[in-house]
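Encoded as structure tokens, the structure appears first; notes follow it.
Residue numbers (my numbering): 4 to 276.
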């Protein structure tokens, strides 16, 4: 996926369990489908399990206009299963057994569970839900598949149970006046270094495209300044000859917490220039 591998330091770690959290419409389902079709095109087998009442026919109808969709990958490369009735009738133990069985039957290396909030609501207690997450992690390690758990923001953005997984990525949409933009933030990630901070992304007919280290809100502040910009690479002093490479644009955004520290840093930087 364009830009996401750079944010994650190379991509998702094999046999890991990751949670993607965001409000409805944030792009979680689109992201998961885009990943599955990309992996399926590369030869992997992906299992997409939904806990939603929405039928697979309706979901596929929404995906057919996307550039990444390929009906030739169905059902070998990408296989859809509904776990809604199993969860209703047999609870979390039945759902866990369904996931194990389907992963084995289809030799899947990617598992997507869309609707984790339904599984959380079906749990009798927080302990039962933690046990479900733990058992899924054990299965991922033994069967060697990577699990993506999609959930809507319900209550706190990160529940205590979510800290058990290998990574948490949050998708959200921001609005300021008549402007709106989408943001991605890595709240937790094990196994590789990630780019800290908020990263912008957009949704087009090609799917999700992530812009590492850039946010619309920061860009909006930059456009108001109309001042020259200089690279902050290695914080080396700038020489007269290097100024020729500067381009017109905004100054670097500072993320310092204290206004005084931010002003001092900016003043020291521009004095060197």
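Each residue gets a CB set at the ideal place from its N, CA and C atoms; glycine is no exception.
message = Quick check for students: name the residue ranges of the beta strand (DSSP E) that lie wholly in the stretch 106 to 146, counting only runs of 3 or more.
response = 113 to 117
request  = Can you give me the Cβ contacts of residue 98 inside the same chain, cut-off strictly under 7 Å, excluding the 5 residues immediately before and after it?
outcome  = Looking up residue 98 in the chain shown gives position 95. Excluding positions up to five away in sequence, the list reads 86, 89, 90 and 122.
message = Output needed for residue 146: all residues of its chain with C-beta closer than 6 Å, excluding positions within five of it in sequence on either side, in chain order.
response = As a first step, residue 146 is located in the chain shown; it is residue number 143 there, counting from the start. Same-chain partners within the cutoff: 106.
ask   = Is the Cβ-Cβ distance between residue 24 and residue 149 less than 8 Å?
value = Working through the chain shown from its first residue, we reach residue 24 at position 21. Working through the chain shown from its first residue, we reach residue 149 at position 146. Their beta carbons are not under 8 Å apart, which means residue 24 does not touch residue 149 by this criterion.
ask   = With distances taken between CB atoms, is the gap from residue 170 to residue 192 smaller than 8 Å?
value = Residue numbering aside, residue 170 sits at position 167 when the chain shown is read from its first letter. Residue numbering aside, residue 192 sits at position 189 when the chain shown is read from its first letter. Against a cut-off of 8 Å, the Cβ pair of residue 192 and residue 170 comes out as a contact.
ask   = Does at least one heavy atom of the ligand MG sit under 7 Å from the Cβ of residue 72?
value = In the structure on display, the ligand MG does not appear, and there are no ligands present to speak of.
request  = Please look up how many angstroms separate the CB atoms of residue 109 and residue 50, rounded, as I've assumed it's under 8 Å.
outcome  = Taking the chain shown and counting its residues from 1, the one referred to as residue 109 is at position 106. Taking the chain shown and counting its residues from 1, the one referred to as residue 50 is at position 47. The Cβ separation is near 6 Å, so the contact holds.
message = For a test of the three-state rule: what should DSSP assign to residue 18, helix, strand or coil?
response = Within the chain shown, numbered from 1, the residue matching residue 18 stands at position 15. The answer is coil: DSSP assigns residue 18 none of H, G, I, E or B.
request  = Quick one: using the 10 Å Cβ neighbour count with 16 as the cut-off for buried, is residue 185 buried or exposed?
outcome  = Position 182 of the chain shown, counting from 1, holds the residue named residue 185. Buried: at least 16 other Cβ atoms inside 10 Å.
request  = Just confirm the distance between the C-beta atoms of residue 22 and residue 213, as a whole number of angstroms; I'd bet it's less than 8 Å.
outcome  = Position 19 of the chain shown holds residue 22. Position 210 of the chain shown holds residue 213. 17 Å between Cβ atoms; not a contact.
ask   = Roughly how many whole angstroms lie between the Cα atoms of residue 142 and residue 20?
value = As a working note, residue 142 is residue 139 in the chain shown. As a working note, residue 20 is residue 17 in the chain shown. Distance between the alpha carbons of residue 142 and residue 20 is about 10 Å.
request  = Could you tell me which residues DSSP puts in a beta bridge with residue 181?
outcome  = Along the chain shown, read from residue 1 onward, the residue named residue 181 stands at position 178. Its beta-bridge partners do not exist; DSSP assigns none.
ask   = With burial defined as no fewer than 16 other Cβ atoms inside 10 Å of the residue's Cβ, what is the status of residue 144: buried or exposed?
value = Numbered from its first residue, the chain shown carries residue 144 at position 141. Counting Cβ neighbours within 10 Å, residue 144 comes out exposed, since fewer than 16 surround it.
key: Pair within 8 Å by beta-carbon distance, residue 55 and residue 117   = Mapped onto the chain shown, residue 55 falls at position 52. Mapped onto the chain shown, residue 117 falls at position 114. Cβ distance < 8 Å, so residue 55 and residue 117 count as in contact.
Three-state class that DSSP yields for residue 84 in the structure shown = Position 81 of the chain shown, counting from 1, holds the residue named residue 84. Reduced to three states, the DSSP call for residue 84 is strand.
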